[in-house]
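Undergrad: Have a look at the structure that comes next, please.
Protein chains in written order, with our numbering: chain G, 1 to 356; chain C, 1001 to 1356.
Structure below.
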């Protein structure tokens, strides 16, 4: 069975022994604090470290039990009753689910290879001012695209003009394998951007450790929401990550991951190009995914059972679109969990099932 | 400053070294699983162990990042739009907050020393069938009372007849210092009771590890809600607790805690009896709190600033009541975090501020 479903990292990249050492050191040193009730927004030394890293003040940072959870909380605290949430189309399927679950009016705006279509965004904006716009600007899930600096600046300008909050979800930003980083959206409108990130792709997803930073008032409301939901986030894992970051090994680990994933991305692009030359897909410079639009005549409806029969587990491309019909030809290919050899050996067979 | 606010355990009871050993063993043995994405309902070996402990099937158990969070999720999955939640009056202040935040119609029913007033409960029931009834049947927070077996049976009978779900929150159940355990409500109506518990009072609150067990359909809906919220709960701490439970030290630790807290409860009761003979309070047989109703003429409004000036930090008793006015004379006294000597030395001064 070739698994091309979720964005799981390969398990051999987890720095298990280093995390054990870090967790042990932290519990010995600060166990009375991390094992006691500790109210949101999270473990203070880690909040401070993250604030330094991102050049903000400590009371502009909050930890969550995953960044997805922080997105959910933000839909609860920042969207007015009857309010609207904008998303990219396609977007992270779980973000679509949360936006819909929040009860808000949900609108999606199509992306191009350099980010969201600005004409369509402006059109949507004039029809319906959103409270939130959720965007994955770097190596987007599921497309792999990166929003250009010019588009980021324009989106930030609109956020100020129309007074909405941009959630800039950045779990992949540090996993750039080529090219130059684009300034974060928050640099253009710090008062209107909440940036979220997590350690799922850079350390280990089982930690379920996400964080957000941005305007103090938003952090304050999220903190209140966390206190009312569960008093505080899980702390011993925060102590573990704090100690790990302090050793300075995080940067080394990132470099290791980049060198590890780069040839996997290259192999996956090569396989798609060679096997389905008529497919449309961006050339990602980082992240976890390539979003492939299959040639006309293909459909998820038909492909999914055929792929399953041939031993390929796929995620249904329709889930990334608010209107599932828009995703009939959409195939997300995650690449980090397969070696370049496995990709070259196993993925071409999938494309034999595809109409070219 | 004498702190009589929240229900924090004393930090010297945390089995820190044993938790370090357990977490290390689990990460070495099963790190590839606990560090990877692991979907709700939680770490399978721990779910199995909890199922065995409580005599249910594994798919009747779910883990949460605290039991409070599981209460929140239950208000989202089990209460119909426009539905009603019943609570005891007084109840855990954070449960009141969550019930109100859920948007449900919230009704509270007064407790007596042996549990909720059944006549008033029936009256409320006939006016307004609830979707949920939240009850802390053992050593209630904030009163310290335990619901009698007869009342539990009647509540279970009503849950079946009127088809509502009882959330039986049991974080203190294993902390009984005297007397005999009363059968759990779930034993009278397993199909209508979701029992929640946590390791906050029996191991360490910073773990934020709660769990619930009950009807499979409820567990299924909660699991879906967890997956959509954050994919899965924080896992390395679950691995740690699993390994700790496997060593068999949990029971020893409970026995240690009971012997530790028993004289503290006795000292607190003695101090109240001797200093405010006209105060009304139950004689708890376990748990964390004694709920004291002060003599007429006292009020939180007046007491809180006077107590603060004299060096006593109190929780506002009004928070435990849906109608804050009902809590004007209500004082919750937590006792586990002070030694018997500290209680006898420091608490009487508080009562000098009280009208007798």
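Glycine included, every Cβ here is placed at the ideal spot set by N, Cα and C.
1. With 8 Å as the limit, tell me which residues of the segment 1229–1247 of chain C have their beta carbon closer than that to any beta carbon of chain G; keep them in chain order.
2. Find out if the Cβ-Cβ distance for the pair residue 1085(C), residue 1135(C) is shorter than 8 Å.
3. With a threshold of 8 Å between beta-carbons, can residue 1078(C) be considered close to chain G, or not?
4. Please classify residue 61(G): does DSSP put it in a helix, a strand, or coil?
5. Between the segment 1282–1290 of chain C and the segment 1326–1339 of chain C, do at least 3 Cβ pairs fall closer than 8 Å?
6. Please identify the residue among 353(G), 343(G), 351(G) and 321(G) whose C-alpha is closest to the C-alpha of residue 141(G).
7. Starting from residue 176(G), find everything on chain C with Cβ-Cβ shorter than 9 Å and list it in chain order.
8. Looking at chain C, which residues of the segment 195–221 of chain G have a Cβ within less than 9 Å of any of its Cβ atoms?
9. Residue 1008(C) touches chain G at which residues, Cβ-Cβ below 8 Å?
10. Does the pairing of the segment 211–228 of chain G with the segment 31–47 of chain G give three or more beta-carbon distances under 8 Å?
11. Does the segment 151–163 of chain G come within contact of the segment 203–211 of chain G, defined as at least 3 CB pairs closer than 8 Å?
12. Is the segment 1235–1242 of chain C close to the segment 1303–1322 of chain C, with three or more CB pairs under 8 Å?
13. Grab me the residues of residue 1181(C)'s own chain with a C-beta within less than 7 Å of its C-beta, minus the 5 sequence neighbours each way, in chain order.
14. Among the residues of its own chain, which have a CB less than 8 Å from the CB of residue 285(G), if the five just before and after it don't count?
15. Of all Cβ atoms in chain G, is any one closer than 8 Å to the Cβ of residue 1102(C)?
16. If you draw a straight line from the alpha carbon of residue 302(G) to that of residue 1018(C), how long is it in whole angstroms?
17. Have a look at residue 1046(C) and residue 1126(C) and give me their C-alpha separation to the nearest angstrom.
18. Count the CB pairs spanning the segment 1196–1210 of chain C and the segment 1049–1069 of chain C that are closer than 8 Å, and state whether there are at least three.
19. Using a cut-off of 8 Å between C-beta atoms, extract the partners of residue 94(G) located in chain C.
20. Are the beta-carbon atoms of residue 1304(C) and residue 1354(C) separated by less than 8 Å?
21. Cβ of residue 170(G) less than 8 Å from any chain C Cβ?
22. Does any residue of chain C have a CB that is nearer than 8 Å to the CB of residue 31(G)?
23. Write down the C-beta distance between residue 117(G) and residue 148(G) rounded to the nearest angstrom, noting that I regard them as a contact closer than 8 Å.
24. Thinking residue 1152(C) and residue 1188(C) are a contact (beta carbons under 8 Å), I'd like their distance in whole angstroms, please.
25. If you check the beta carbons only, do residue 343(G) and residue 279(G) fall under 8 Å apart?
26. Comparing the C-beta of residue 65(G) with each C-beta of chain C, is any distance below 8 Å?
27. Within the 8 Å Cβ cut-off, does residue 1(G) reach chain C?
28. Would residue 1049(C) and residue 1245(C) be called neighbours here (beta carbons separated by less than 8 Å)?
29. Is residue 1222(C) helix, strand or coil when you go by DSSP?
30. Measuring only the C-alpha atoms, how far is residue 1024(C) from residue 14(G)?
31. Could you list which residues in chain G have their beta carbon closer than 7 Å to that of residue 1024(C), in chain order?
32. By the criterion of Cβ-Cβ separation under 8 Å, what are the contact partners of residue 68(G) in chain C?
33. Identify, in the order they occur along the chain, each residue of the same chain with its Cβ nearer than 8 Å to the Cβ of residue 1044(C), setting aside the five sequence neighbours on each side.
TA: To lay it out plainly:
1. Here the close residues are 1229, 1230, 1231, 1232, 1233, 1234, 1235, 1236, 1237 and 1240.
2. Contact check for residue 1085(C) against residue 1135(C) fails: the beta carbons are separated by 8 Å or more.
3. In terms of beta-carbon proximity, residue 1078(C) stays away from the interface with chain G, with every pair separated by 8 Å or more.
4. It is a strand residue.
5. In short, these stretches touch, since the Cβ pair count reaches three.
6. When only C-alpha atoms are compared, the closest one is 321(G).
7. In chain order: nothing, as chain C lies at least about 23 Å away.
8. From the segment 195–221 of chain G, only 200, 203, 204, 205, 206, 207, 208, 209 and 210 have a Cβ closer than 9 Å to chain C.
9. Correct list: 36 and 37.
10. These segments touch.
11. Touching, no.
12. No contact exists between the segment 1235–1242 of chain C and the segment 1303–1322 of chain C.
13. So no residue of the chain qualifies.
14. 139, 146, 176, 177, 178 and 179.
15. No, no contact with chain G.
16. So the two alpha carbons sit approximately 54 Å from each other.
17. Going from the Cα of residue 1046(C) to the Cα of residue 1126(C) covers about 41 Å.
18. Segments in contact, yes.
19. Those within 8 Å of residue 94(G) in chain C are 1228 and 1231.
20. No.
21. Residue contact check for residue 170(G) against chain C: no CB pair falls below 8 Å.
22. Chain C, which has a Cβ nearer than 8 Å to the Cβ of residue 31(G), makes this yes.
23. Rounded, the Cβ-Cβ distance is 12 Å, inconsistent with contact.
24. Between the beta-carbon of residue 1152(C) and that of residue 1188(C) there is about 6 Å, and that keeps the pair under the 8 Å contact cut.
25. Not a contact, by the Cβ cut-off of 8 Å.
26. Interface flag for residue 65(G) against chain C is set, since a Cβ pair is found closer than 8 Å.
27. Using a CB distance cut-off of 8 Å, residue 1(G) does not count as an interface residue toward chain C.
28. The answer is yes: Cβ separation under 8 Å.
29. Collapsing the DSSP output to three states places residue 1222(C) in a helix.
30. If you draw a straight line from the Cα of residue 1024(C) to the Cα of residue 14(G), it is about 14 Å long.
31. Those are 20 and 24, listed as they occur along chain G.
32. Going along chain C in sequence order, the residues near residue 68(G) (Cβ under 8 Å) are 1229, 1230 and 1231.
33. Cβ contact annotation for residue 1044(C) (same chain, cutoff 8 Å, sequence separation greater than five): 1058, in chain order.
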